[in-house]
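Residues in the sequence shown are numbered from -14 upward in steps of one, following my numbering. Every residue, glycine too, gets a C-beta built ideally from N, C-alpha and C. It should be emphasised that the depicted structure is a prediction, and the values quoted were computed from it without experimental measurement.
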Amino acid sequence: MDKTVTFSFSSTIYEGIEATETFNFKELGIDENLDNEALKIEIERIFQAWVWDKLNISFSIVINKDNP
């Protein structure tokens, strides 16, 4: 049986903004043999991308550096 992970989120501010979806590791391209720490990092990375896609979020970070 394939391992699965379920992603879910809801907004406490905006009513009706929520989603839940279950994926197996193969669908997400996750190696089932990763150690627990590596697995946690990979799932967190994929979860963030999933949420951003569901909410249609784009962002940028700009760091200004003083010229010497």
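Original post:
For N41, which of helix, strand or coil comes out of DSSP?
Top reply: coil
Original post:
Where does N9 sit, in a helix, a strand or coil, going by DSSP?
Top reply: strand
**OP:** Return yes when the Cβ of I2 is within less than 8 Å of the Cβ of S(-5), no when it is not.
**Re:** yes
**OP:** Under 8 Å by Cβ, that's how I've got N9 and K25 pegged, so tell me the actual separation to the nearest angstrom.
**Re:** Actually they do not touch by this definition, with Cβ atoms about 18 Å apart.
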